[in-house]
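These protein sequences, in sequence, are chains A and B. Residue 278, in my numbering, is where the first sequence stops; the numbers in between run on with no holes. Residue 1208, in my numbering, is where the second sequence stops; the numbers in between run on with no holes.
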Amino acid sequence: MNVQWWCSARGIPWKWHWQPYPGVWIAVLALAAAYARWAKPVGDGTRQHEVSTARRIGGWAGIALVWMTLDWPGGPLGTGYLASVHAAQFLVLAMLAPPLLLRGVDPARVRAMIDRNGAAARIIRLTTKPLLAMLAFTIVMLVTHAPDVVDVLMRSQLGAFALDLAWFVSGLAFWWPVVIDAPVREHFGPPMRMLYLFAGTQAHLYLAMWLLLADLPVYGIFELAPRITSLSALEDQQVAGGLLLTLGGTYVLAVISVVFFRWFAEPQTEPSDFRNVT
Amino acid sequence: MSSPVRSSLVAALVVASALLSLAGCGISAESGGSAYRGAKLAPAIPRPSFTLTDTHGQPFDFRAKTDSTVTLLFFGYLNCPDVCPVHMTNIAAVMRNLPFEVTRRVRVVFVTTDPARDTPDKLQAWLSNFDPSFIGLRGTLEQVKDIEKSVHVAPAVADAPDSSGNYQVGHAAQVIAFTPDDSAHVVYPFGTRQADWMHDLPLLARVK
């Protein structure tokens, strides 16, 4: 059996025969191990979880989604055959899995790590600065959807791995300031978070429109792939654009709404209280 | 303005308008070659003369029936898992988007390299999935090999059948484009995109 380590475009007819991708398993196991460590309450093990069971289950669901997205059949389908599956992969790796995982980690452990101010803390402080994270996320999203980049990278296992990793890591950086309160950012309250989410996902809405309205298939890798559905390459591309626009757009809008209603429900500091203090 | 200057200006205008009229009225096969996105052939291949059977069982005189048209000639087979359906899909998709003025001058001819399995009915149904105007032709393997040789294409070779009797046929992956001057100046290998066809078909139709 010809073992592929990572899903990449192979240009051969699709077969519903299971294929092993050991590189995917190793990456998902490493991610699961890291998540298990970061979801565990800091201390001697007697301390209660700060995060709810639902959030921790959500984190494991994020791991499962990453695995399903990268492994057979989703991985090879999205890498070498269907633009629509490729779009779904982007939504999972950059938009859905990162916040699920971040919501499941123990905040006390994150705060302790940030307070120690080691190399990891310094990297996180820098890369999760909202403006920088938003710019990086937008640039990664635009560059990794450029036809020339996609058509070159997805032909090799290393290139396809780089693409998946770029989505996931930039997704983690982008969602960190929204989900995790460490390091403390005093000027990044709910209104700024809503604005951040809106601005940070604008580019992908334009990308979705571009895929939806293009007259011709834009990615050679999908246009020249053996067809496995009755959809033409252009129709498949339109489905990809539609997924990004509807699912991606609705999802971001839902998250913004949650941030808004939670902010709305928070007890507000009354002006009289302020006067009493002063 | 002095007379030599004026005459130079007039000459320049005459040359410019001659060039413009050439660009507007059509391009020569020789000068137009470099403008194509397909792979240029040197020397050009003359349009071959052969007669095969179409999907209605009628003799099809290739030279006579496709004379002075853009003819995209391809050798393939219906069980082909990759190259044939991708080429046909892409050409059909572009034909749907090009103006009638161009598409009325284009013929797509598919010669089967697997006549044993590709019956007329199957061939017609398969091609109609892409575009009902596509022409399917059948002949004996010897006839097809002679035609492939005449257009400088490697002859198709069938693999040994597997345990269930299925087999693949190795065949040339390029589409040969004959232009209205009855020569092929350019071929389109596998990997040709719809954007390439969209660019080249109107140019091919203008070759005189």
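Backbone N, C-alpha and C fix where the C-beta goes; we use that ideal spot for every residue, glycine too.
Identification of chain B residues near residue 220 (chain A) by a Cβ-Cβ cut-off of 8 Å yields 1191, 1193, ordered along the chain.
The continuous alpha helix (DSSP H) containing residue 1100 (chain B) extends over residues 1100-1103. According to the DSSP assignment, residue 1136 (chain B) belongs to the beta strand (DSSP E) that extends over 1135-1138. Residue 1061 (chain B) sits in a strand when the DSSP states are folded into three classes. Going by beta carbons, residue 28 (chain A) and residue 67 (chain A) fall inside the 8 Å limit. Taking a beta-carbon distance threshold of 8 Å, residue 50 (chain A) does not count as an interface residue toward chain B.
Separation of the CB atoms of residue 238 (chain A) and residue 222 (chain A) is rounded to 12 Å, and the pair is thereby denied contact status at 8 Å. If you draw a straight line from the Cα of residue 1044 (chain B) to the Cα of residue 25 (chain A), it comes to about 53 Å. A residue is called buried once 16 or more other Cβ atoms fall within 10 Å of its Cβ, and residue 95 (chain A) is buried on that count. Beyond the five residues adjoining it in sequence on each side, residue 1049 (chain B) comes within less than 6 Å, by CB distance, of 1063 in the same chain, given in chain order. Around residue 1128 (chain B), the same chain offers 1134 as residues with beta carbons nearer than 8 Å, after the five sequence neighbours per side are excluded. By the Cβ rule, the segment 95-112 of chain A counts as touching the segment 47-63 of chain A, because three or more pairs are nearer than 8 Å.
Looking only at A:83, A:245, A:43, A:4, the smallest Cα-Cα distance to residue 227 (chain A) is reached by A:83.
In the three-state reduction of the DSSP assignment, residue 1159 (chain B) falls in the coil class. With its beta carbon less than 8 Å from one in chain A, residue 1081 (chain B) belongs to the interface.
With 16 or more other Cβ atoms inside 10 Å of its own Cβ, residue 1106 (chain B) counts as buried.
Close CB contacts of residue 220 (chain A) within its chain, under the 6 Å cut and outside five residues either way in sequence, are with 151 (chain order).
Distance from the CA atom of residue 210 (chain A) to the CA atom of residue 1147 (chain B), rounded to whole angstroms, is 44 Å. Within the same chain, 1045 come within 7 Å of residue 1152 (chain B) by CB-CB distance, once the 5 residues on both sides are set aside.
Cβ neighbours of residue 112 (chain A) within its own chain (closer than 6 Å, five residues either side excluded): 42. If you draw a straight line from the Cα of residue 131 (chain A) to the Cα of residue 173 (chain A), it is about 11 Å long. The Cβ neighbour count for residue 181 (chain A), taken over all protein chains shown within 10 Å, is under 16; the residue is labelled exposed. At a cut-off of 8 Å between beta carbons, residue 262 (chain A) makes no contact with chain B.
Residue-level contact check: residue 217 (chain A) touches chain B, since one or more beta carbons of chain B fall below 8 Å from its beta carbon.
Rounded to whole angstroms, the separation of the alpha carbons of residue 77 (chain A) and residue 203 (chain A) is 25 Å. Interface flag for residue 1086 (chain B) against chain A is set, since a Cβ pair is found closer than 8 Å. Residues of the segment 227-238 of chain A whose Cβ lies closer than 8 Å to any Cβ of chain B, in chain order: 227, 232, 233, 234. Look at residue 224 (chain A): its C-beta is under 8 Å from a C-beta on chain B.
Taking C-alpha positions only, residue 88 (chain A) is separated from residue 109 (chain A) by approximately 32 Å.
A straight-line Cα-Cα distance of about 27 Å links residue 218 (chain A) and residue 1178 (chain B).
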